[in-house]
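Residue numbers (our numbering): 217 to 335. Positions of the beta carbon are idealized from the N, C-alpha and C atoms, including for glycine. These notes concern the structure reproduced below.
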């Protein structure tokens, strides 16, 4: 897994799919609220003025020389639930993100009930 120190240094870097095609730009990182482990990349998609954020799992991702490569193709990411550029992920939408990528989800044992926190 990529460390939070490593991934946070890549904000603004291109995010590419498994074949190397650009998907978007790394906006921020969502970490597990209990462990502080990086879980999802918040990837800015779209043209200027029509931008949205898609969360992409970081499991299997790797930091390249100039980009962040994720193991999901552009189509799957574009069809994922999205957020507005300045919108924070509400706790009630967390299960929806996990389900899109067929990841197991359990509510967090944190006081807020949130599994994910933006960094």
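{"query": "Range covered by the alpha helix (DSSP H) that runs through residue 288", "result": "Premise fails: residue 288 is in no alpha helix (DSSP H) and is neither H nor E."}
{"query": "Contacts around residue 316, its chain only, beta-carbon distance under 7 angstroms, and the 5 residues preceding and following it disregarded", "result": "296, 297"}
{"query": "Where residue 318 falls, given that 16 or more other Cβ within 10 Å makes a residue buried", "result": "exposed"}
{"query": "Short Cβ contact (8 angstroms threshold) for residue 254 with residue 284", "result": "no"}
{"query": "Contiguous beta strand (DSSP E) assignments of at least 3 residues, all confined to the segment 247-326", "result": "254-261, 268-273, 298-300"}
{"query": "Buried/exposed call for residue 314, threshold 16 Cβ in 10 Å", "result": "buried"}
{"query": "Rounded C-alpha distance that separates residue 272 from residue 325", "result": "22 angstroms"}
{"query": "Whole-Å CB distance - residue 228 paired with residue 242, under 8 angstroms assumed", "result": "7 angstroms"}
{"query": "Where residue 257 falls, given that 16 or more other Cβ within 10 Å makes a residue buried", "result": "buried"}
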